[in-house]
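Participant:
Residue numbers (our numbering): 50 to 167.
1. Use the C-beta contact count for residue 154: other C-beta atoms within 10 angstroms, 16 or more gives buried, fewer gives exposed.
2. Can you have a look at residue 165 and say buried or exposed, based on whether 16 or more other CB atoms are within 10 angstroms of its CB?
3. Among 102, 157 and 90, which residue has its Cα nearest to the Cα of residue 130?
4. Alpha carbon to alpha carbon, how far is residue 114 from residue 160? Give it in angstroms, no decimals.
5. Got a sec? Which residues, its chain only, sit under 8 angstroms from residue 163 by beta carbon, not counting five neighbours each side?
6. Using the C-alpha atoms, what's the distance from residue 84 back to residue 144?
7. Name the DSSP beta bridge partners of residue 158, please?
8. Going along the chain, which residues of its own chain have a beta-carbon closer than 8 angstroms to the beta-carbon of residue 174, five neighbours each way excluded?
9. Could you check where the alpha helix (DSSP H) with residue 130 kicks off and where it finishes?
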């Protein structure tokens, strides 16, 4: 059997990190229980932070990162077009969709989309 290539190993490591971090319980900032939307966003933020810590930002464009930060800063409610353009952006977006689904969210939860200009 041949050894996995570096991109395969990296993607597998990112998927593991994101999936593991999504399984952790969310912590409340106050005494009330967080809503499911808040729990999903906290888990997703943690997975995103972990993924960037593992893979870095090489190959990720400023617009991609800024629009994704807008999504996170809104509590995952604003839906900016976080449109993957590079191979690295597509790989990260795909990994985050899988990680979000593993945490029990719909595949439509992450903000990745490309809107047509008009």
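We put the CB at the ideal spot given by N, CA and C, even for glycine.
Facilitator: Put simply:
1. Locating residue 154 in the chain shown gives position 105, where the first residue counts as 1. Buried: at least 16 other Cβ atoms inside 10 Å.
2. Taking the first residue of the chain shown as position 1, residue 165 is located at position 116. Under this definition residue 165 is an exposed residue.
3. Working through the chain shown from its first residue, we reach residue 130 at position 81. Cα-wise, what sits closest to residue 130 is 157.
4. Residue mapping note: residue 160 aligns to position 111 of the chain shown, counting from 1. Residue mapping note: residue 114 aligns to position 65 of the chain shown, counting from 1. Spanning the two alpha carbons is a distance of roughly 11 angstroms.
5. Start at 1 with the first residue of the chain shown, and residue 163 comes out as number 114. Hits under 8 angstroms: 130, 132 and 133.
6. Along the chain shown, one-based indexing puts residue 144 at 95. Along the chain shown, one-based indexing puts residue 84 at 35. The alpha-carbon atoms of residue 144 and residue 84 are separated by roughly 25 angstroms.
7. Here residue 158 refers to the residue found at position 109 of the chain shown. DSSP, once it has assigned bridges, lists no residue as partnering residue 158.
8. The structure shown does not extend to residue 174, since the chain is modelled only from 50 through 167, so no value can be given for it.
9. Counting from one through the chain shown, the residue named residue 130 turns up at place 81. Looking at the DSSP string, residue 130 is not in any alpha helix (DSSP H), and its letter there is neither H nor E.
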